[in-house]
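Heads up, the sequence shown is in the numbering used here, so the first residue is 1 and it goes up one at a time. C-beta: ideal position from N, C-alpha, C; glycine also. Remarks on the structure that follows.
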Amino acid sequence: MSLPALPPFRLLGLLVVSLLSFPAAESWAIISLHDNVELEGFVQSQFVLRTPQYQGAQLVVQRNTLQLENTWNFIQDGQTTLGNLSTGLIEEATFKLIYRFAYDSTYDLSDSRRDNFSQGRRDHLKYENWIREAYLDLALPPITLRIGRQQVIWGETDTFRALDVINPLDTSWHWAREPWEDLRFPLFMTRAVYDIGKFGPFEESFVEGIWIPGDFKRSRGCGNPDRPWCYYGSRRRGPVNTALVGGEVVDFVTEVRDKKPDWQLKNSELGFRFKAVYGLVDFGLHYFWTLSDTTGVKVRTDRLGPITDNTLTVPIDLVNPRSHVVGVSANYSEETYTQAVYRVEAAYTTGIPMRLGTRDPRGVPRRLDEDNNAYQTTEQSLLMVAFDRPTWIRPLNGLRTFFITGQFFWEHFTDYNRFFRGVPSRHRAIDPRSGEPLPDRYLSVNTDRIFQDRVVATLSASSSYGPGGLIQPLFAVAYNPLWTTFFNRLSVKYLYSNHLVFQLTHDIYWGKSTEESWFIGGRFGGGRNNRNETVFTAIFQF
């Protein structure tokens, strides 16, 4: 079945009318399966319509999600809830389990996806079915333990990550346009918090430690051409199978040696932080000894042989180097003059894998690529300063304030190399003699140049209208001043009932057309690769 190119808002209107037929529930409550066993969760249906240049619409994601969260409080006040047995030092114990099932129907509805992918491949892409989190909380004052698969959140930033790097991300299905809690990969770890309390000039102080005993996962990005948010050029989604060598077209094959860290104690990751309140400043000191969840690619030139049978075979290693993350975070509430909360976060990271590349046929100078493998690890500093402020804008809302938040990010590579490159894209191969496209031939092109400094400023404003604040609009903008590119978000959420929530969002990428600043508006802002999107979401929660 082909999807017609309907105007986006006409299609969304039909969806809204159909979903509004759900009856409004009178109340909301967590389902109690037993006195100490609770069940909650949600069912969500999300429609993502890509609207390039506002000429028609293409349904690229239709994701349906069921998430169930079960909580069992089996020890309370030092006694088991079944049998009232004394548990000694353990005052409280809770078991938490979070299950998620997701199905993207576009892999069944779209003719192109049915024709291009096998049934097994489509099943792999369209389903998500796993226990996301399962952990045990133990309270042994002044120590609290959490053991199991979980998420750990550090830092003060929104939208971008600086210190919030404990869990890798899955940005394969809708890039970074979803909440981090839905995109993080939970990991098996032990988390311990020692509550210090008042300590010298510090109040509310505690020390936190985490140990990940070898449960390593890579971040899943948008490099998969089978996904709607992949990086590709000229709207081509075929596999890379071609190279141009000396003006000749040859077949291209890679021999991959995956050196992903396996589950061993030597691949453990450790993190520590100290958090406290000093006067009006809430601050934290952070350290994380980790393995980079960004995968580096090393070209094994020592095994690079000649072209045989018109085929270039390139052996590569996939590596995840050791990394250190050191940082500080703080927030300060200033009530006298500005009535705002100010936030700051700074992080320094080592062991970041980076590709090296150039269009120059002579290649990267050997002095900048000493191992001759098109690979280098680099170091990076990141600074974020931000403010949050409730503000009256009475011409727009005479009953409620607007919540305004602004952030400024500065990313700097301390050992910069002008040959740093980011994510390659796939392009159709062109015959060097005739200038015509070659059928079923695709090559990899990397014009994603990484610059030494990257700067982003964001601003968002949100408020609420109607009885009880049921209608909640939001406006957000992100701006890259170095490349004059923008990302805008317009969104409105409607709390139809305590159970049913609707949300309509429109994302716009615009500005200077360049691949260097793809994450704001360059690569995704112009031409046929425009990623403007309209997103409609319906959530039934219980």
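Proximity winner among the options, relative to residue i (alpha-carbon distances)
i    : options                : result
N70  : H499, V344, A346, E133 : E133
F283 : F475, G56, T505, W154  : W154
I210 : H506, W289, S110, V253 : W289
L291 : Y332, R359, R218       : R218
S425 : T295, R449, G406       : R449
S464 : W392, Y342, F451       : W392
S268 : R220, S205, Q58, I166  : I166
N310 : V256, V249, G279, K259 : V249
R414 : G363, F101, Q452       : Just to set this straight, residue 414 is Thr in the shown sequence, not Arg. Taking only the C-alpha atoms, the option nearest T414 is Q452.
A461 : L495, T377, G469, T405 : T405
L33  : W72, F117, D258        : W72
G422 : I539, T447, E204, F160 : T447
R257 : L368, P315, I212, G351 : P315
S497 : V385, H324, L470, P481 : L470
V37  : E411, F74, E156, R362  : F74
S105 : S323, V207, W173, M354 : W173
R454 : P432, H412, V492       : H412
V253 : P239, E208, F160       : P239
Y127 : F117, S118, Y107       : Y107
Q407 : G398, R50, M384, P365  : M384
G221 : N241, G247, W175       : W175
T158 : A93, F542, V456, P467  : Before going further, note that residue 158 is Asp rather than Thr in the sequence given. Minimum Cα distance to D158 is reached at V456.
A102 : W130, K96, S118        : W130
P213 : A346, K96, D251, D262  : D262
G296 : R149, M354, Q503, G363 : M354
S323 : Y337, Y287, D302, T336 : Y287
D388 : H427, R121, Q339       : Q339
CB contact flag (residue i, residue j, <8 Å)
i    : j    : result
F409 : L382 : yes
E379 : T349 : yes
T458 : V477 : yes
P168 : D317 : no
L265 : R273 : no
T171 : L187 : no
L145 : T190 : yes
N417 : L356 : yes
L580 : S329 : This structure does not reach residue 580, given that the chain is present from 1 up to 542, and the question cannot be answered.
I430 : P437 : yes
K260 : N320 : yes
V341 : S333 : yes
L304 : A243 : no
I307 : V245 : yes
K298 : N373 : yes
P390 : T401 : yes
Q53  : N488 : no
T80  : T534 : no
Y494 : F486 : no
F202 : V277 : yes
E181 : F542 : no
According to DSSP, residues forming a beta bridge with residue i
i    : result
P390 : F403
Q44  : T65, I539
T71  : E38, K96
S425 : V445
V385 : V344, F408
S434 : In DSSP, S434 forms no bridge with anything.
Y278 : V281
N373 : In DSSP, N373 forms no bridge with anything.
N129 : F101
T290 : S323
A330 : F283, V344
G209 : A192, F272
A243 : V250
I307 : DSSP, once it has assigned bridges, lists no residue as partnering I307.
V297 : L318
E546 : Past the edges of the chain, shown from 1 to 542, lies residue 546, and the structure says nothing about it.
S86  : Q79
R257 : D317
L356 : F420
A134 : L97, R149
Q380 : T349, F413
T534 : L49, H506
A139 : E92, T144
Is the region 135-155 touching the region 77-95, taking contact as three or more C-beta pairs under 8 Å?
yes
Which ranges would you report for the beta strand (DSSP E) in the region 449-515 if only whole runs of at least 3 residues count?
453-462, 471-480, 485-495, 500-511
For the region 39-48 against the region 61-78, are there 3 or more C-beta pairs whose distance is under 8 Å?
yes
Go through the region 141-204 residue by residue and report every complete run of the beta strand (DSSP E) that reaches 3 residues or more, in order.
143-150, 187-199
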